[in-house]
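Taking it in order: structure first as structure tokens, then the write-up.
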Amino acid sequence: MAQSKDKQKDEAAGGAGTAGFLISILLAILIGLGGGAAFGYLGGVGDPASPAKAAAAESSAPSAGRFPNDALEIQVPAIIVQLKGEPKTNVRLDLSIIAAHGTAESGTLKSEIREDVIAFLEGLNVSDIQGVRGFQNLREQLDDRAKIRGRGAVLGLLIGGLILE
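The numbers in my numbering rise by one with no breaks, and the one at position 67 of the sequence shown is 54.
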């Protein structure tokens, strides 16, 4: 008899536990809906002027790229150089100079940077530019050299292609 009373208490408690669990889930859902609605109302999501504000902010925001939108791209003729060391390896490098807006596309700037890049590449071994880290170091070195040579007019370099033969 004592065992049957314990079973009845467990079954009653189990039913109450399930009902309590369901009620707590429903309350959590209602609180979440109410909080989301209040946030949307007070946060200005439903404000009809929001798209106009967002468009105005987007047009005045700076570009997310590495260079400004009004920068000039100056193509440099392909550079073909033989690296030092054994085995003899040829390198072809296609790059562009990114210059500040208003910079004259003079041949002197282009030729100075091209000569500087050729001189730098001739002093490298294949092992210096192998792998991701080697390519990253090459890009940073060339970028720094171009900025120094450009005397403030050059914003950076873009490497279009690098071929080792």
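C-beta: ideal position from N, C-alpha, C; glycine also.
Three or more C-beta pairs under 8 Å: does that hold for the stretch 63 to 83 against the stretch 101 to 114?
Yes, since at least three Cβ pairs between the stretch 63 to 83 and the stretch 101 to 114 fall closer than 8 Å, the two stretches touch.
Does the Cβ-Cβ distance between S83 and V63 come in under 8 Å?
The answer is yes: Cβ separation under 8 Å.
Taking DSSP as the reference, what is the three-state secondary structure of A6?
DSSP places A6 in helix when its eight states are reduced to three.
Roughly how many angstroms separate the alpha carbons of G33 and A25, rounded to a whole number?
Confidence is the limiting factor: at G33 the pLDDT is only 49, short of 50, which leaves the residue's position unreliable and the question unanswerable from this model.
Suppose you measure from the CA of G139 to the CA of F54; what does that come to, to the nearest Å?
G139 and F54: Cα-Cα distance of roughly 14 Å.
Using a Cβ-Cβ cut-off of 6 Å (strictly less than) and excluding sequence neighbours within five positions of L149, which residues of its own chain qualify?
Excluding residues within five positions, the ones whose Cβ falls inside 6 Å are L80.
What residues match up with L59 in a beta bridge as DSSP calls it?
Looking at the DSSP assignment, L59 forms a beta bridge with A86.
Around the Cβ of R101, are there at least 16 other Cβ atoms within 10 angstroms (buried) or fewer (exposed)?
It is buried - the Cβ of R101 has at least 16 other Cβ atoms within 10 Å.
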